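Presented below is the structure to which this report refers.
In this note's numbering, the protein residues as written are -19 to 65.
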């Protein structure tokens, strides 16, 4: 894929499909925001790939779920450290 194809504007639908993990900012604060934005950019790279739309959506869901699981792990570690365990 050349630079001009990568820089073309994506439709709003693509940003909605890719950006759903950003909701983590509302439940996870700064850590959730970082993980959500990382998943968003990962999803954008998936959307620009040659995969089928179904595969892009499935992988977008998996990437967001992975970000959520990572947030849960961070939250448990931080809670454990804060409680002295």
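Built from N, CA and C at the ideal position, the CB exists for glycine as well. What you are looking at is a predicted structure, and each value in this text was computed from that prediction instead of being measured.
Expected contact under 8 Å - CB spacing of residue i and residue j to nearest Å
i          : j          : result
residue 26 : residue 40 : 6 Å
Residue interval of the alpha helix (DSSP H) (run including residue i)
i         : result
residue 2 : From DSSP, residue 2 is part of no alpha helix (DSSP H); its letter is neither H nor E.
Proximity below 7 Å, CB of residue i to CB of residue j
i          : j          : result
residue 43 : residue 19 : yes
residue 47 : residue 24 : no
residue 8  : residue 51 : yes
Alpha carbon of residue i to alpha carbon of residue j, nearest angstrom
i          : j           : result
residue 4  : residue 21  : 14 Å
residue 33 : residue 54  : 31 Å
residue 45 : residue -11 : 26 Å
residue 37 : residue 13  : 21 Å
residue 17 : residue 1   : 7 Å
(request) Can you check the segment 7 to 39 for any beta strand (DSSP E) of at least 3 residues that lies completely inside it and give the ranges in chain order? (result) Entirely contained in the segment 7 to 39, not one beta strand (DSSP E) run reaches 3 residues.
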